[in-house]
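Trainee: The number in the numbering used here is simply the position in the sequence shown, starting from 1, with 35 added.
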Amino acid sequence: MIGSTEEAILAQPARLLTQAQREFYFENGYLLLESVIGNDWLTRLRSAIAEVLDRSREMTVSDDVIWLEKGHTRSDPRLLRLNCPDVHHPGFWAYATESILPDIAADLVGPDVRYSHSLLNFKWAEVGQEVKWHQDIQFYPHTNYSPLSLGTLVEDVGPEQGPVRAIPGSHLGDVIPHYAEDGTWTACIQDQDLKSLKVDEAPLLMGPAGSVTVHNCRTVHGSDPNRSERGRPLLVNTYSAADAFPYTHLPQRSTNTGTIVRGKPASQARLDPRPCPLPPDWSGGFSVNNAATGEIRGDAG
Numbered sequence: 036m037i038g039s040t041e042e043a044i045l046a047q048p049a050r051l052l053t054q055a056q057r058e059f060y061f062e063n064g065y066l067l068l069e070s071v072i073g074n075d076w077l078t079r080l081r082s083a084i085a086e087v088l089d090r091s092r093e094m095t096v097s098d099d100v101i102w103l104e105k106g107h108t109r110s111d112p113r114l115l116r117l118n119c120p121d122v123h124h125p126g127f128w129a130y131a132t133e134s135i136l137p138d139i140a141a142d143l144v145g146p147d148v149r150y151s152h153s154l155l156n157f158k159w160a161e162v163g164q165e166v167k168w169h170q171d172i173q174f175y176p177h178t179n180y181s182p183l184s185l186g187t188l189v190e191d192v193g194p195e196q197g198p199v200r201a202i203p204g205s206h207l208g209d210v211i212p213h214y215a216e217d218g219t220w221t222a223c224i225q226d227q228d229l230k231s232l233k234v235d236e237a238p239l240l241m242g243p244a245g246s247v248t249v250h251n252c253r254t255v256h257g258s259d260p261n262r263s264e265r266g267r268p269l270l271v272n273t274y275s276a277a278d279a280f281p282y283t284h285l286p287q288r289s290t291n292t293g294t295i296v297r298g299k300p301a302s303q304a305r306l307d308p309r310p311c312p313l314p315p316d317w318s319g320g321f322s323v324n325n326a327a328t329g330e331i332r333g334d335a336g
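#1: Given Ser-231, which residues of its chain have a CB within under 6 Å of its CB, disregarding the five upstream and five downstream residues?
#2: Name the two residues that bound the continuous alpha helix (DSSP H) containing Tyr-130.
#3: Whole-angstrom Cβ separation of Gln-196 and Arg-267, contact assumed at under 8 Å?
#4: Indicate the three-state DSSP secondary structure (helix, strand or coil) for Ala-222 in the structure shown.
#5: Could you please give the first and the last residue of the uninterrupted alpha helix (DSSP H) stretch that includes Asn-63?
#6: Determine the burial state of Arg-332: buried for a count of at least 16 other Cβ atoms within 10 Å of its Cβ, exposed for fewer.
#7: Run the CB neighbour count on Leu-270, radius 10 Å, all protein chains shown included, and call it buried at 16 or more, exposed below.
#8: Closest by CA to Gly-204, which one among Gln-287, Leu-188 and Arg-253?
#9: Whole angstroms is fine: what's the gap from Thr-328's alpha carbon to Glu-104's?
#10: Could you pull out every residue in the same chain whose Cβ sits closer than 7 Å to the Cβ of Glu-41, ignoring the five residues on either side in sequence?
#11: From Ala-46 to Arg-297, what distance separates their C-alpha atoms?
#12: Nearest-angstrom Cα distance between Pro-176 and Ala-201?
#13: By the DSSP assignment, the alpha helix (DSSP H) with Asn-74 in it spans what residues?
#14: With DSSP as the reference, please indicate the residues paired to Tyr-150 in a beta bridge.
#15: Where does Thr-40 sit, in a helix, a strand or coil, going by DSSP?
#16: Measure how close the beta-carbons of Pro-310 and Thr-283 come, nearest whole angstrom, since I'm counting them as under 8 Å.
#17: Give the DSSP-derived three-state secondary structure of His-206 in the structure shown.
#18: Taking the beta carbon of Lys-167 as the centre, do at least 16 other beta carbons fall within 10 Å, making it buried, or is it exposed?
#19: CA-CA distance, Pro-281 and Thr-178?
#20: Cutting at 8 Å between CB atoms, please list the residues of its own chain near Gly-73, excluding the five before and the five after it.
#21: Could you check whether the stretch 125-133 touches the stretch 79-96, counting it as contact only if at least three pairs of C-beta atoms, one from each stretch, sit closer than 8 Å?
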């Protein structure tokens, strides 16, 4: 069912998506756009990633920017994540603002678009971890539920590499607490709460390099381990409507957070009456050590 806010967005002329794609997103909470990013952008992104990889060779332990994967060495670097890539290489920020990504966001949140944050999940070959089922909004509650994440497949991704899986229509359901019974933050949905969700039927969001995945902040999603011999670098950029403002400290906040990348700033906040559980207090920082318990570390697949 499409609500009044979505109807208003659909009434706006589309920049890039078809009307059918926009309607599918509002009904299902996700999209897969195959081969929409050109080779020029992919070349720039791969070059930026190579620079980050070279920088990591001097590291022996993770820091707040680069999280190392187990088995990392100078001669065989293995990365888990690059946090806030937008401020650690100009190519990533250029991509977040100058590519078609903000236009895709505008077609789904309205013409006025705010940049939130980004991260680069590597899911390294043969050791890339599972990302347990979760909803992103748990990590960064906002005044409304417009935030969405756009994942760019920097390389070809097949089923064996642990692509993101999204549960259709789950964004229309409850926002499910990511805490254990004893109050411990787990960063994922508990097993007893998964029973009502058809996780086995969740489609794999995979495709050739240059494809883009889109999922709403309420959409339940996750990914399997990467058991292949090829890595699965996924660059995630998160945007929201300009009238969505965070209630809590953003775990991935950068100096670019809050930048209006399409349209104009909002004159007032739009408030969604539906509640959202609050995450832990990350005002002191969000590191590899305090991100979560278990295997999942962060807010995207």
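Virtual Cβ for every residue (Gly too), placed ideally from N, Cα, C.
Mentor: Judging by the given coordinates:
#1: Counting from 1 along the sequence shown, the entry for residue 231 is found at position 196. So the list is empty, once near-sequence residues are dropped.
#2: Reading the sequence shown from its first residue, position 95 is the one you call residue 130. That run of the alpha helix (DSSP H) goes 125-133.
#3: The residue labelled residue 196 in the question sits at position 161 within the sequence shown. The residue labelled residue 267 in the question sits at position 232 within the sequence shown. That belief holds up - the Cβ atoms of Gln-196 and Arg-267 are roughly 4 Å apart, short of 8 Å.
#4: For this step, residue 222 is matched to residue 187 along the sequence shown. Here Ala-222 sits in coil by DSSP.
#5: Stepping through the sequence shown from its first residue, residue 63 is reached at position 28. Counting along the chain, the alpha helix (DSSP H) containing Asn-63 begins and ends at 54-63.
#6: As a first step, residue 332 must be located in the sequence shown, where it is residue number 297. Low local confidence applies: a pLDDT of 44 at Arg-332 is under 50, so the model's placement there is unreliable, with the coordinate-based value given in what follows. Under the 10 Å beta carbon count, Arg-332 is surrounded by 16 or more other beta carbons and is classified as buried.
#7: What you label residue 270 is simply residue 235 of the sequence shown in a count that begins at 1. Leu-270 is buried by the Cβ-count criterion.
#8: Residue 204 sits at position 169 when you count from the first residue of the sequence shown. When Gln-287, Leu-188 and Arg-253 are compared, the shortest CA-CA separation from Gly-204 is found for Arg-253.
#9: Your numbering for residue 328 matches position 293 in the sequence shown. Your numbering for residue 104 matches position 69 in the sequence shown. Residue confidence for Thr-328 is low, a pLDDT of 36 falling below 50, so the modelled location carries little weight; the figure read from the coordinates is stated next. Going by the C-alpha atoms only, they are around 16 Å apart.
#10: Counting from 1 along the sequence shown, the entry for residue 41 is found at position 6. Within the same chain, Cβ atoms closer than 7 Å to the Cβ of Glu-41 are found at Phe-61, the five residues on either side in sequence being excluded.
#11: Residue 46 sits at position 11 when you count from the first residue of the sequence shown. Residue 297 sits at position 262 when you count from the first residue of the sequence shown. Each residue's Cα considered, the two are about 18 Å apart.
#12: Residue 176 sits at position 141 when you count from the first residue of the sequence shown. Residue 201 sits at position 166 when you count from the first residue of the sequence shown. Using only the alpha carbons, I get a separation of about 20 Å.
#13: Residue mapping note: residue 74 aligns to position 39 of the sequence shown, counting from 1. First-last of the alpha helix (DSSP H) with Asn-74: 74-91.
#14: Residue mapping note: residue 150 aligns to position 115 of the sequence shown, counting from 1. Assignment of beta-bridge partners to Tyr-150 by DSSP yields Tyr-274.
#15: Counting from 1 along the sequence shown, the entry for residue 40 is found at position 5. DSSP places Thr-40 in the helix class (H, G or I) of the three-state scheme.
#16: Start at 1 with the first residue of the sequence shown, and residue 310 comes out as number 275. Start at 1 with the first residue of the sequence shown, and residue 283 comes out as number 248. Rounded to the nearest angstrom, the Cβ distance from Pro-310 to Thr-283 is 13 Å, too far for a contact under 8 Å.
#17: Along the sequence shown, one-based indexing puts residue 206 at 171. It is helical.
#18: By 1-based counting over the sequence shown, the position of residue 167 is 132. A residue is called buried when at least 16 other Cβ atoms come within 10 angstroms of its Cβ; Lys-167 meets this threshold and is buried.
#19: In the sequence shown, residue 281 corresponds to position 246, counting from 1. In the sequence shown, residue 178 corresponds to position 143, counting from 1. Between Pro-281 and Thr-178, the C-alpha separation is close to 6 Å.
#20: Counting from one through the sequence shown, the residue named residue 73 turns up at place 38. Cβ neighbours of Gly-73 within its own chain (closer than 8 Å, five residues either side excluded): Gly-245.
#21: Yes, since at least three Cβ pairs between the stretch 125-133 and the stretch 79-96 fall closer than 8 Å, the two stretches touch.
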